[in-house]
Structure formats: C-alpha cells, structure tokens
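In the numbering used here, the protein residues as written are 8 to 443.
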C-alpha cells in the first residue's frame, strides 16, 4: 500500500491552498455550509480521550495514516498532521477513527450511523445481521445490516415479495453527506413509492465537520482546515478506489441480498443546495456522462419553433409521478452527448417542455474554485448526473435492460419539509397503534 499512489477521479479534484494564518477559512463545502445552511451537527463527534487505547487495542485496528496523507487534496492538513506526528487508525468494527498523537489521543465517532442503526436494531450491530422486522420504525418492512470497510450498508425491504418486485428500489448513496436523504427514503417507503431500499451508512471522506467540532479541535491544538476533511474518514480504500461509488458498483450484490430481481424503476435519492436559500426546485437527472440518453428513449420527442416537447413513456411517467409530491416545480435534465444536453420543465400533465443545452456556453459555476454547476438562464442548478449515476445505470441495465434510473436531486428546503412529513406519518401510525 505504501508504494501505491491512490488514483482519484478528476470529478472530485479541486485545487486550493490554505493560508496558515487563517486555517479555518472554508474553501470547499461552502455551498452546503454557508449558503445552504445544511445541518451537519449530528454527523460526527470528536472526543479527547482521558486514556489512550493500549498497543494491543491499536493492533486490532487498521492504520490508515499513509493512505490519508497520500490521498488528501489539502496540503495544509497534510503538513499539520506530519507536524503533529499523528498516526491515524480505523476501528472497522465500530467505525471510529483514532488520532494517535505523542501526548494524547482523539476519537471521531460516526454519530449519524449509530443513530440510524439504533433506530432499526435497538443497538448498533458489530457484525452482519439477518432479516429482522423494522417494527414501528417502518411497519411492513424488514431490515438487514451488511458490513464492509466503509461503515456498512442498511437494506430495507417490504415483507411481501410481490410488493418489492412491483415497486421501485430506492437508493440513498450518500446517506451521511446529504442530510435528510434517509428521511426522504423512509417517506417514500411508508407512502408506497418504494418496495425496497439500499442506504449507505459510511462516509466518503469529504463530509464536513460541524463548527462545534472544529472549535474543539482548535482548542486541543489540532486546527484542521474544514475544506475536504479527507484526513479523518478515508475517501479511498487501500487500493486507491473511491468509497463514494460503493452502492452503484455493488448494486448486483445488494439486489441479490434483497432476494429479488431489479424492478424497472430505481429512484436514487440525493441532496443538493439550490441557487438561493429557499430554492424548492427538484431536478431529476437521467444521465450526464456516458452511456448517454437520447430523448427518444424516454418518450415521444419533437421540436417546434425552437421549443422542445417530450411526452414521457409509461415507465418514465410512473417515475416522475412518484416523485412529483416532493415539489410543485420539477425539472428533468439529461445529456445525449458531451455538448448536446437538455433541460425540461415538468408540466401539470407530466409533459416535458424544454430547451437544448451546451454546457460549454450555457453552464457556469456558483462558486469560484468549485464545480457547482447552474444554468444562469433560469438560475437553476445543472445536475443531470455524474460518475456514480453512470455507474448505477450501467449496473442496472445489466440486471434489467428495461430499468430506468432517476437521479433525484432534492434541495435543502424540500428535504427539511420531508422530515416534517415523515414525522407526521410516524405520529399518526403510533396513534393508530395505541388505539387498537
């Protein structure tokens, strides 16, 4: 491992330098933290241990120091850890990270993951489980926990086989990174919009630290820069491959474990930040990278006087109808080639009305130094789908040639609304149960 230089997809590379005089200036994740006001306070917790683990305890963990130092894009963080003589360990069983310094030891705890697992299994499992009833957490469904080297995966499925075969598979690929996508997934399952779900419980290395954690680290003399905190949980595995693709690349194995064939609809839930704080426009991406998608593949397509009309086919209409109640304003984006792309508005009758887009001239970035694409003409995020979306579509089509993957990007304001809707459903379910 020491001699292998990790290869990171250029989709996730961003060049920036940190001024050591102001280490807490945020260069990346600004859109989420400063503009979208995303709440990352429940994601991780950092602790200063009163007593460091023993050498024998560390021997049961995986040292990831060299992996993190080689893969981080943040030179300030790299040099800081070298200066502090930090040795970094991953406890794969409990999914905790230890910073072993010469005079003290810090521990990063994956709070969000623990909370999710306790919700379905009462206590956090330390090994893979069988299928267990979800109980009041999700009536009519059962859950299963799978282990891996990056926090594991939660599988949910309806107890009736024909139901989970008939209704879409919901995937939440960036569970921790996109706040409240878990709640959106559970809302879809509770309301009959999905028969099964695959939820990533692990980090991909870039998840921001909440300001309260950063303040603690600074007080302990470990002033990590908050941009690309990939020196905590690793972004790549020991072979240099990004963890953020695990749900897409592992789709065949997860579907097999769900004990079903892949349904014709896959709804991939993601969180995004809009172009303004209360942006409630949902974007459904059908592919931004190869294999490209032609409009004719998803319905009847015609052009009249410069305006594009697309009447979705039955499968696409069903998918759009399922996600329709997320927002009154939805857009469908796709690419038929690198420079031949489309942006459609979804009308009341599920018809699509749009224009052709050339990303070279029609797309800009919201923030300097970050690839956060939007369409200035309309002030709308441009999110037709990136690398992981392409991998999912490739894997899905191998399992079911008729499968349609909807990459659903949900802005912050809408996800917060869905949390309230889910809680309302849970309260109603609890009241109904108590009245029996």
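Glycine included, every Cβ here is placed at the ideal spot set by N, Cα and C.
N-terminal and C-terminal residue of the alpha helix (DSSP H) that residue i is part of
i, result
"residue 122", "118-128"
"residue 323", "321-330"
"residue 103", "First-last for residue 103: 103-107, but that is the beta strand (DSSP E), not the alpha helix (DSSP H)."
"residue 218", "218-226"
"residue 72", "72-78"
"residue 404", "394-406"
"residue 52", "No alpha helix (DSSP H) contains residue 52, which is instead part of the beta strand (DSSP E) from 52-55."
"residue 245", "Looking at the DSSP string, residue 245 is not in any alpha helix (DSSP H), and its letter there is neither H nor E."
"residue 83", "82-91"
Terminal residues of the beta strand (DSSP E) in which residue i lies
i, result
"residue 153", "148-153"
"residue 4", "Nothing can be reported for residue 4, as the shown portion of the chain is limited to 8 through 443."
"residue 353", "348-353"
"residue 275", "272-279"
"residue 308", "306-311"
"residue 193", "Per DSSP, residue 193 belongs to no beta strand (DSSP E); it is in the alpha helix (DSSP H), 188-197."
"residue 110", "Looking at the DSSP string, residue 110 is not in any beta strand (DSSP E), and its letter there is neither H nor E."
"residue 416", "411-418"
"residue 97", "94-98"
"residue 342", "337-342"
"residue 203", "203-207"
"residue 381", "380-382"
"residue 2", "The question about residue 2 has no answer here: the residues shown for the chain are numbered 8 through 443."
Proximity of residue i and residue j at Cβ, strictly below 8 Å
i, j, result
"residue 30", "residue 69", "no"
"residue 258", "residue 291", "no"
"residue 185", "residue 278", "yes"
"residue 216", "residue 233", "yes"
"residue 113", "residue 53", "yes"
"residue 346", "residue 319", "no"
"residue 34", "residue 23", "yes"
"residue 188", "residue 205", "no"
"residue 317", "residue 302", "yes"
"residue 76", "residue 88", "yes"
"residue 116", "residue 287", "no"
"residue 383", "residue 341", "no"
Cβ-based neighbour list, residue i, same chain, cut-off 8 Å, excluding 5 preceding and 5 following
i, result
"residue 199", "174"
"residue 282", "373, 381, 386, 387 and 388"
"residue 407", "268, 269, 270 and 271"
"residue 16", "249 and 394"
"residue 214", "47, 50, 51, 183, 184, 236 and 240"
"residue 168", "266 and 267"
"residue 59", "107, 111 and 112"
Residue i, DSSP secondary structure in three states
i, result
"residue 20", "coil"
"residue 63", "helix"
"residue 141", "coil"
"residue 167", "coil"
"residue 268", "coil"
"residue 368", "helix"
"residue 8", "A caution first: residue 8 carries a pLDDT of 40, below 50, which makes its placement in the model unreliable, though a value can still be read off. Coil, per DSSP."
"residue 432", "helix"
"residue 133", "coil"
"residue 252", "helix"
"residue 239", "coil"
"residue 316", "strand"
"residue 179", "strand"
"residue 69", "strand"
"residue 388", "strand"
"residue 363", "strand"
"residue 421", "helix"
"residue 231", "coil"
"residue 161", "strand"
"residue 358", "coil"
"residue 213", "coil"
Other residues of its chain near residue i: CB distance less than 6 Å, five sequence neighbours each side excluded
i, result
"residue 209", "157 and 158"
"residue 307", "318"
Supposed close pair residue i, residue j - CB separation, criterion 8 Å
i, j, result
"residue 162", "residue 264", "6 Å"
"residue 102", "residue 132", "Contact doesn't hold; Cβ gap of about 11 Å is too wide."
"residue 181", "residue 207", "6 Å"
"residue 280", "residue 42", "6 Å"
"residue 419", "residue 45", "6 Å"
"residue 223", "residue 201", "Residue 223 to residue 201, Cβ: 39 Å. No contact."
"residue 429", "residue 330", "Their Cβ separation, rounded to whole angstroms, is 15 Å, which puts residue 429 and residue 330 out of contact at 8 Å."
"residue 276", "residue 417", "7 Å"
Spatial neighbours of residue i in its chain, beta-carbon cut-off 7 Å, leaving aside the 5 residues before and after
i, result
"residue 427", "none"
"residue 9", "Interpretation of residue 9 is limited by its pLDDT of 46, a score under 50 that renders its predicted location unreliable; the figure taken from the coordinates is listed afterwards. Around residue 9: 73."
"residue 354", "360"
"residue 149", "138, 139, 140, 141, 164 and 166"
"residue 126", "144"
"residue 339", "291, 293, 351, 353 and 359"
Residue i at chain C interface by Cβ criterion, 8 Å
i, result
"residue 28", "Among the chains in the structure shown there is no chain C, since it carries only a single protein chain."
Any non-hydrogen atom of the ligand FAD closer than 7 Å to residue i Cβ
i, result
"residue 175", "With respect to the ligand FAD, the structure shown offers nothing to examine, as it has no ligands at all."
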